[in-house]
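Okay, so here's the structure we're looking at.
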Amino acid sequence: MNKILPLSIIFLLSLSMLTGCLSTDLAEQREKQAGKGDNITIGVPVPYDFAKDNTKFLKGIELALEDINSRGVKNKQIKLEIVDDRGVFKEAVDVAQDFSENTHMLAVIGHWFSDISIPLTSIYEEAGMLVIVPTVSNPELVEKNYHYIFQNIPSDKKVAEQMCNYARGKGYKNVVIYYEDSSYGRNLADAFENEARNKDIEIVDRRSSIVNEVNFKGAYDKWVALNYDAVFLALNMPEGAQFIKEFRKLDTNTPILSGDGLDVGNFIEVLGEDAEGAVIATIYNPQDKRQELKDFKAHYTEKYREEPDVWAIQGYDSLMLIAHAIEQTGTFSPKVLANYLRDMEAMKLVTGSISFNDDGEVQGRSVYKKKMVDGEFEYIN
């Protein structure tokens, strides 16, 4: 899940040059100071309003905090510093800098969007901070050979593979790709196009950022002329809802497929009948029969009187991962914890039995599909 965000490469490079000489000292200090005192401090940078209004992520991480602190971790309590980065790059840089300079802070869960999280990994890596990223599926996150960065969500390549398999199974031959101009949108569009090529699906058009109804109608007329039979969206909300609403004014029948950027709680509420028939990638299947998922759903529902969503589980599992690593290693050293996670045998979590490869990419996670039918999602093969 990601969002179109301004990214100043020059600004980030300048910041790195100014702070790089301090990073080694920060990493060394963190090895000595993280976990000292009564609390284990973990930073959670989120676009607060977005996360609160569209997902149950904060509730999931809150529930994990309660569960962990009820037993303690090496006789200590975990303390979360939840900070609003507003999904704005400049503000997120300030948050990352503050976190990195707090050498008592052991780890970070975040940031939320790829255009923020990917460039900021360099700050955290140089400062020796363990980072678990539960929302960024762009594989670029873990392609820099960093030691401390972990991607706890299936990559866009896996999402594209599943959605292309579905398209081929349904007999779709001519597909339009519409994407947002962000690292998430571009990468997912590329992944889908590459996968489509291997499955004899032709991408008849690829578009980004249609700005008005006139342009939209022109693009639609072209798609009709090209005999398109499906649209694949590499978008987030609210951009995804805006596209679907405009598209359904012109075409009520052509299938809409999407990556997991539209897998948020207000999708049905915002779109209403326009959501009908949409097929969305998701990393959560509530019909899964695993005991870990059953127990979590019962636990979450008892506390919040509502069903969890995928992002509640992502928040819960990410904090549980850090606590598990501390318990198994008996240390608060970010370097040792990162080594443990890379070598860890498959661990049973709510999302499944997972491990990480040498790059820090999660292994063992599945991608599912759900279709809007009569106002409700049905999970499909």
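Quick note: the sequence shown uses numbering that gives the first Met the number 0, first residue 0, plus one each step.
C-beta atoms are modelled at their ideal positions from N, C-alpha and C, and glycine is treated no differently.
Is the Cβ-Cβ distance between P153 and V366 less than 7 Å? yes
Could you give the DSSP three-state label for K334: helix, strand or coil? helix
State the CB to CB distance for the pair R167 and K198, rounded to an integer number of angstroms; the pair is presumed to be in contact (CB under 8 Å). 5 Å
Cβ shell of T54 (< 7 Å), same chain only, five flanking positions each side left out: V263, G264, D308, W310
Assign N137 to one of two classes, buried (16 or more other C-beta atoms within 10 Å of its C-beta) or exposed (fewer than that). buried
On the CB-based measure, 16 or more other CB atoms within 10 Å of its CB, does N211 come out buried or exposed? exposed
Just to confirm, are A159 and F191 a CB contact at a threshold of 7 Å? yes
In this structure, how does DSSP classify Q286 when only helix, strand and coil are distinguished? coil
Would you report the Cα separation of Q286 and H323, rounded to the nearest angstrom? 26 Å
Leaving out the 5 sequence neighbours to the left and right, which residues in its chain are closer than 8 Å to G363 when beta-carbon positions are compared? A345, G351, S352, I353, S354
Proximity winner among F242, D273, M236, relative to F49 (alpha-carbon distances): M236
Do V419 and G359 have their CB atoms nearer than 7 Å? Residue numbering for the chain in the displayed model covers 0 to 380; residue 419 lies beyond these limits and cannot be assessed.
Chain-order list of residues whose beta-carbon lies under 7 Å from that of A240 (same chain, five-residue window excluded): V269, L270
Does the stretch 100 to 111 come into contact with the stretch 29 to 42, if we say contact requires no fewer than three beta-carbon pairs (one atom in each stretch) closer than 8 Å? yes
With which residues is K369 paired in a DSSP beta bridge? I279, Y378
Could you check what DSSP says for T54 in three-state terms: helix, strand or coil? coil
Residue interval of the beta strand (DSSP E) (run including R205): 201 to 207
Using the Cβ count rule (16 or more neighbours within 10 Å means buried), how would you classify T102? buried
Length of the line joining the Cα atoms of A218 and A195: 21 Å
By how many angstroms is the C-alpha of E125 removed from the C-alpha of G19? A caution first: G19 carries a pLDDT of 49, below 50, which makes its placement in the model unreliable, though a value can still be read off. So the two alpha carbons sit approximately 7 Å from each other.
Assuming M162 is part of the alpha helix (DSSP H), what are its boundary residues? 155 to 168
According to the neighbour-count rule (16 or more other Cβ atoms, all chains shown, within 10 Å of its Cβ), is R70 buried or exposed? exposed
Could you tell me how far apart the beta carbons of H146 and A337 are, in whole angstroms, since I believe they sit closer than 8 Å? 5 Å
Taking the straight line between their C-alpha atoms, what separation do you get for D24 and V92? 19 Å
Which residue marks the beginning of the alpha helix (DSSP H) containing V94, and which one marks its end? 88 to 100
In the DSSP assignment, the alpha helix (DSSP H) including F246 goes from what residue to what residue? 238 to 249
Nonlocal neighbours in the same chain, by C-beta distance under 6 Å from A395, ignoring five residues either side: Nothing in the structure corresponds to residue 395, since the chain is present only between 0 and 380.
Taking all protein chains shown into account, decide if T120 is buried (16 or more other Cβ within 10 angstroms of its Cβ) or exposed. buried
Might you give, ordered along the chain, the residues of its own chain that have their beta carbon closer than 6 Å to the beta carbon of S207, omitting 5 neighbours on each side? Y178, D180
Are E245 and F266 close, meaning C-beta to C-beta below 7 Å? no
Measure the C-alpha to C-alpha separation of K75 and N68 and round it to an integer number of angstroms. 8 Å
With a CB to CB cut of under 7 Å and the five nearest residues on each side skipped, what residues in its chain are close to Q327? Y339
Report the three-state DSSP secondary structure of I152 (helix, strand or coil). coil
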